[in-house]
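2 protein chains.
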Amino acid sequence: MTRKTPKPNTSSTDLDRHRSSIQSVRRAVSLLKAFEPNRPELGVSELSRAVGLHKTTVYRLLVTLKEEGFVQHNPANDRYRLGPSLIRVGRIALDSVDLSKQAMPHMRALVDEVGETAMLEIWDDRRTLVVATVDGPRFTHIIARAGYHLPAHGSSGGKAMLAFLPSEEVDKVLARELKKYTENTFTDPGRLREELAQIRATGVSYDRQEIDIGVCAISVPIFDHRGEIAGALTVAGPMQRIPQGEDSAVRQLVKKAGEAISRELGYLAK
Amino acid sequence: MTRKTPKPNTSSTDLDRHRSSIQSVRRAVSLLKAFEPNRPELGVSELSRAVGLHKTTVYRLLVTLKEEGFVQHNPANDRYRLGPSLIRVGRIALDSVDLSKQAMPHMRALVDEVGETAMLEIWDDRRTLVVATVDGPRFTHIIARAGYHLPAHGSSGGKAMLAFLPSEEVDKVLARELKKYTENTFTDPGRLREELAQIRATGVSYDRQEIDIGVCAISVPIFDHRGEIAGALTVAGPMQRIPQGEDSAVRQLVKKAGEAISRELGYLAK
DNA sequence: AACGACGTTGCGGCAAACGAAACATGACCA
DNA sequence: TGGTCATGTTTCGTTTGCCGCAACGTCGTT
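Protein chains in written order, with the numbering used here: chain A, 30 to 299; chain B, 30 to 299.
Next up, the structure:
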């Protein structure tokens with residue numbers, strides 16, 4: 030933890046966001062978001078430190094969330110974890126992204142054609158959220174799991190979306206430190222902006238071992254009926270099997286599939 | 030304010046549940062829970078009616094939840110739906126649920142109540158796999174060991190799961206020869222199918238000395254958040270101590286415990 | 001035995017959330 | 001075309017519901 034608030038509370042910045050926004054609800058949500066896959070169980074004080082709220086406040090929030098089944102209490106070690114009611118709500122959230130319903134047939138066809146894993150991603154809080162996957166048929170293929178995030182600057186899908194998102198969104202992403210996952214990761218804002226311009230020009234985004242050595246990917250943006258970014262379609266595989274060329278078959282196929290999905294969402298290519 | 034609020038609304042029953050429980054958070058959660066799979070998009074007034082809150086309040090809650098990515102706004106029709114951040118949180122909730130971890134407290138309580146050995150089983154390659162046990166307190170009790178298999182057709186847990194598994198799975202089990210462990214073992218496929226139908230009807234499965242003479246057991250199925258079989262909960266004991274009656278206390282307790290575990294896994298009883 | 005860290009509870013003050021009413025917009029229909 | 005009803009949104013004054021403080025009980029470690 031690099032930065033924390035020693036004792037004063039109420040982090041000054043986001044106090045007066047919008048006049049109509051409910052503090053305790055924001056705080057409750059921040060608690061829920063504090064749980065990570067590798068750290069699924071947290072105690073009151075632990076959470077209090079993580080989100081910068083007073084112990085008492087966290088406790089009461091947790092009691093409330095427990096009543097509602099959004100967290101559950103482990104009496105053995107007095108820790109809390111995300112609760113069953115969230116499983117259902119999250120499931121409904123996932124299902125109500127009808128983008129994935131639209132995209133699934135195309136993704137399956139794409140996987141049949143290219144023989145690699147396909148993923149569907151949407152934009153979520155400055156990151157890439159994987160919402161649907163179709164695993165590749167080969168013995169070795171990239172395994173993707175729906176519900177997990179990828180960094181915006183270190184994934185081809187993230188870059189594909191970012192390239193077509195409003196510039197404020199780009200600024201927000203660049204404002205944070207760009208973590209270097211591999212030696213190929215773009216960490217220089219200027220260099221990344223160039224990359225985005227390139228993506229806008231070609232309509233295709235590449236991940237050249239930028240998040241994992243040995244893994245490459247090709248993404249295309251998906252647009253909705255208003256012409257705004259709805260998500261990204263990605264094909265990922267071992268470096269050797271993902272060609273980088275302008276006129277590679279994979280590239281054509283991904284682009285075609287992406288355009289088909291956009292069209293189904295009501296997007297009218299100009 | 031011990032009694033109540035002077036005159037305005039503040040409707041009714043559960044106003045002062047626990048002193049430490051945050052109203053606005055409860056309300057926000059109730060909004061999220063109002064979304065159903067067949068009705069994934071709701072408007073402000075619609076929600077307001079559904080949860081019984083004032084329009085304004087609902088609006089502000091939604092604004093807050095939108096900021097946090099827990100709902101998203103559809104500008105086309107001014108409706109709201111569950112948002113992407115919930116997908117992630119729900120996913121983590123799902124991953125952090127471990128069946129045996131969830132079940133253990135219930136199993137211990139169950140053993141305390143019925144005084145017999147409890148076992149947790151899952152389906153594994155056409156058989157029953159014991160994954161957790163709590164031995165009974167009596168001098169003679171059934172000893173169960175986690176990690177061992179039981180035959181699907183010769184254990185109450187196996188039958189409980191089989192009754193709710195897809196029919197292909199049933200066919201696979203019946204395709205193999207049904208070994209006769211005791212004179213009570215079901216070895217006739219037709220007869221066993223009838224038994225499974227019976228279990229589906231009652232939700233409870235019995236082992237009447239079908240694998241060991243002198244040993245009886247009662248099992249109930251456990252369902253996960255998708256309504257699919259996650260496992261089975263079993264209480265086993267000497268024949269004389271396991272009543273067969275419809276309204277036996279043991280039967281009720283096992284059923285109750287199984288339902289509690291299913292609920293924690295996100296299963297919503299219909 | 002004393003310490004420290006933890007989760008939990010009681011309490012009083014005050015900001016934060018609330019509800020009523022007004023406003024803005026659009027759909028529908030006469 | 002004008003009117004009515006429904007919607008979502010904004011404003012504002014009131015007070016309620018929440019918050020931070022401090023104290024308590026209980027573990028585990030020193």
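Every residue gets a Cβ at the ideal spot worked out from N, C-alpha and C, and that includes glycine.
Whose C-alpha, out of Ala278/A, Asp107/A, Ser125/A and Val100/A, is nearest the C-alpha of Ser114/A? Sequence index remark: in the first sequence, residue 114/A carries index 85 (1-based). Among Ala278/A, Asp107/A, Ser125/A and Val100/A, the Cα nearest to that of Ser114/A belongs to Val100/A.
Would you mind listing the beta strand (DSSP E) stretches within the segment 184 to 238 of chain B that are 3+ residues and don't spill past its ends, in chain order? Qualifying beta strand (DSSP E) stretches, in chain order: 234 to 237.
Measure the Cβ-Cβ separation of Leu225/A and Lys284/A and say whether it is below 8 Å. The residue labelled residue 225/A in the question sits at position 196 within the first sequence. The residue labelled residue 284/A in the question sits at position 255 within the first sequence. It is not a contact, given that the beta carbons lie outside the stated cut-off.
Residues, ordered as in the chain, of the segment 93 to 107 of chain A that lie near chain B by beta-carbon distance below 8 Å: Cβ contacts with chain B come from Thr93, Leu94, Glu96, Glu97, Phe99, Gln101 and Pro104.
Verify whether the separation of the beta carbon atoms of Pro272/B and Val264/B is less than 8 Å. Taking the first residue of the second sequence as 1, we reach residue 272/B at position 243. Taking the first residue of the second sequence as 1, we reach residue 264/B at position 235. The answer is no: Cβ separation not under 8 Å.
Can you tell me where the alpha helix (DSSP H) with Arg280/B in it begins and where it stops? Translated into the one-based positions of the second sequence, residue 280/B becomes position 251. Note, Arg280/B: alpha helix (DSSP H), Ala278 to Glu293.
Below 6 Å CB to CB, which residues in the same chain sit around Val126/A once its five sequence neighbours on both sides are set aside? The count along the first sequence starts at 1 and reaches residue 126/A at position 97. Excluding residues within five positions, the ones whose Cβ falls inside 6 Å are Val160.
Taking 8 Å as the threshold (beta carbon to beta carbon), is Asp241/A in contact with chain B? Position 212 of the first sequence, counting from 1, holds the residue named residue 241/A. No, Asp241/A lies away from the interface with chain B (no Cβ there is under 8 Å from its Cβ).
With DSSP run on the structure shown, which of helix, strand or coil describes Ile50/A? Working through the first sequence from its first residue, we reach residue 50/A at position 21. The displayed chain sequence assigns Ser, not Ile, to residue 50/A. The answer is coil: DSSP assigns Ser50/A none of H, G, I, E or B.
Check for me: the alpha helix (DSSP H) holding Ile121/A runs from which residue to which? Within the first sequence, numbered from 1, the residue matching residue 121/A stands at position 92. Where Ile121/A is concerned, the enclosing alpha helix (DSSP H) stretches over Pro113 to Asp124.
Only counting the same chain, and skipping five residues up and downstream in sequence, which positions put a Cβ closer than 8 Å to that of Asp153/A? The residue given as residue 153/A occupies position 124 in the first sequence. The beta carbon of Asp153/A sits closer than 8 Å to the beta carbons of His178 from its chain, once the five residues preceding and following it are set aside; these are given in chain order.
8 Å Cβ cutoff met for Val249/A and Val233/A: Along the first sequence, one-based indexing puts residue 249/A at 220. Along the first sequence, one-based indexing puts residue 233/A at 204. Less than 8 Å separates the beta-carbon of Val249/A from that of Val233/A.
Which residues DSSP lists as bridging Ser248/B, in chain order: Residue numbering aside, residue 248/B sits at position 219 when the second sequence is read from its first letter. Paired residue(s): Ser234/B and Thr263/B.
Cβ of Ser40/A within 8 Å of any chain B Cβ: Here residue 40/A refers to the residue found at position 11 when the first sequence is read from its first residue. Note that Ser40/A scores 32 on pLDDT, short of 50, meaning its location in the model is unreliable and no value can be drawn from it.
How is Ala161/A classed by DSSP in three states: helix, strand or coil? Looking up residue 161/A in the first sequence gives position 132. Three-state DSSP puts Ala161/A in a strand.
If contacts are defined as beta-carbon pairs under 8 Å, then Ser196/A and Asp236/A qualify, I think. What distance do you get, rounded to the angstrom? As a first step, residue 196/A must be located in the first sequence, where it is residue number 167. As a first step, residue 236/A must be located in the first sequence, where it is residue number 207. Contact between Ser196/A and Asp236/A does not hold, since their C-beta atoms are separated by about 22 Å, which reaches or exceeds 8 Å.
Considering Cα atoms alone, identify which of Val73/A, Gly183/A and Gly274/A is closest to Asn314/A. The structure shown does not extend to residue 314/A, since chain A spans only 30 to 299, so no value can be given for it.
Three or more C-beta pairs closer than 8 Å, one from the segment 64 to 81 of chain B and one from the segment 57 to 73 of chain A: is that the case here? The segment 64 to 81 of chain B and the segment 57 to 73 of chain A do not touch, with fewer than 3 CB-CB distances between them shorter than 8 Å.
Please report how far the alpha carbon of Leu90/B lies from the alpha carbon of Ala122/B, in whole angstroms. The residue you call residue 90/B lines up with position 61 of the second sequence. The residue you call residue 122/B lines up with position 93 of the second sequence. Distance between Leu90/B and Ala122/B, taken at the CA atoms: about 23 Å.
Of the residues Glu96/A, Gly112/A, Arg108/A and Tyr210/A, the one placed nearest Ser291/B, counting alpha carbons only: Sequence index remark: in the second sequence, residue 291/B carries index 262 (1-based). Closest option to Ser291/B, judged by alpha-carbon separation, among Glu96/A, Gly112/A, Arg108/A and Tyr210/A: Gly112/A.
Ignore the nearest five residues each way along the sequence and tell me which others in Ile258/A's own chain have a CB closer than 8 Å to its CB. As a first step, residue 258/A is located in the first sequence; it is residue number 229 there, counting from the start. Correct list, in chain order: Trp152, Met190, Phe193, Leu194, Pro250, Ile251 and Phe252.
From this set, Tyr109/A, Ile242/A and Thr85/A, which residue's C-alpha is nearest Glu96/A's C-alpha? If you number the first sequence from 1, residue 96/A lands on position 67. Ranking Tyr109/A, Ile242/A and Thr85/A by Cα distance to Glu96/A puts Tyr109/A first.
Based on Cα-Cα distance, which residue from Thr146/A, Leu158/A and Lys84/A lies nearest to Arg120/B? As a working mapping, residue 120/B is identified with position 91 in the second sequence. Of all alpha-carbon atoms in Thr146/A, Leu158/A and Lys84/A, the one lying nearest the alpha-carbon of Arg120/B is that of Leu158/A.
Taking C-beta pairs closer than 7 Å, name the residues in chain B that Ile290/A reaches, listed in chain order. Locating residue 290/A in the first sequence gives position 261, where the first residue counts as 1. Near Ile290/A there are no residues of chain B at all, since even the closest Cβ is about 17 Å away, more than 7 Å.
With a 10 Å radius around its C-beta and 16 neighbouring C-beta atoms as the bar for buried, classify Ser53/A as buried or exposed. Numbered from its first residue, the first sequence carries residue 53/A at position 24. The residue in question, Ser53/A, is buried, as its Cβ has 16 or more Cβ neighbours within 10 Å.
Could you give the distance in angstroms between the alpha-carbon of Gly144/A and the alpha-carbon of Gln131/A? Along the first sequence, one-based indexing puts residue 144/A at 115. Along the first sequence, one-based indexing puts residue 131/A at 102. A straight-line Cα-Cα distance of about 21 Å links Gly144/A and Gln131/A.
Do we get a CB-CB distance below 8 Å when we pair Phe215/B with the residues of chain A? Reading the second sequence from its first residue, position 186 is the one you call residue 215/B. No, Phe215/B does not count as interfacial toward chain A.
What is the residue span of the alpha helix (DSSP H) that His135/A lies within? Here residue 135/A refers to the residue found at position 106 when the first sequence is read from its first residue. His135/A -> alpha helix (DSSP H) spans Asp127 to Val143.
Distance, Pro180/A Cα to Arg229/A Cα: Reading the first sequence from its first residue, position 200 is the one you call residue 229/A. Reading the first sequence from its first residue, position 151 is the one you call residue 180/A. One Cα belongs to Arg229/A, the other to Pro180/A, and the distance between them is close to 19 Å.
In the DSSP assignment, find the unbroken alpha helix (DSSP H) run with Leu94/A in it and report its ends. The residue you call residue 94/A lines up with position 65 of the first sequence. Run containing Leu94/A: Lys84 to Glu96, per the alpha helix (DSSP H) assignment.
Would you kindly report the start and end of the unbroken alpha helix (DSSP H) that includes Leu76/B? Stepping through the second sequence from its first residue, residue 76/B is reached at position 47. Taken as a continuous stretch (DSSP letters only), the alpha helix (DSSP H) holding Leu76/B covers Val73 to Val80.
Can you give me the Cβ contacts of Glu293/A inside the same chain, cut-off strictly under 6 Å, excluding the 5 residues immediately before and after it? Locating residue 293/A in the first sequence gives position 264, counting from the first residue. So the qualifying residues of the chain are Gln131.
Compute the distance between the beta-carbons of Glu239/A and Thr214/A, then report whether it is under 8 Å. For the purposes of this step, residue 239/A is taken as residue 210 along the first sequence, with counting starting at 1. For the purposes of this step, residue 214/A is taken as residue 185 along the first sequence, with counting starting at 1. For Glu239/A and Thr214/A, yes; Cβs fall inside 8 Å.
Name the residue from Thr162/A, Ala173/A, Arg270/A and Ile116/A whose alpha carbon lies nearest to the alpha carbon of His135/A. Start at 1 with the first residue of the first sequence, and residue 135/A comes out as number 106. Restricting attention to Thr162/A, Ala173/A, Arg270/A and Ile116/A, the CA atom closest to the CA of His135/A is found in Thr162/A.
Residues of the segment 61 to 90 of chain B with a CB closer than 8 Å to any CB of chain A: list them in chain order, please. Contact annotation: in the segment 61 to 90 of chain B, residues whose CB is within less than 8 Å of a CB in chain A are Leu61, Lys62, Phe64, Glu65, Pro66, Pro69, Glu70, Tyr88, Arg89 and Leu90.
If we cut at 8 Å on Cβ distances, does Val233/B have a partner in chain A? Your numbering for residue 233/B matches position 204 in the second sequence. Output row for Val233/B: interface = no.
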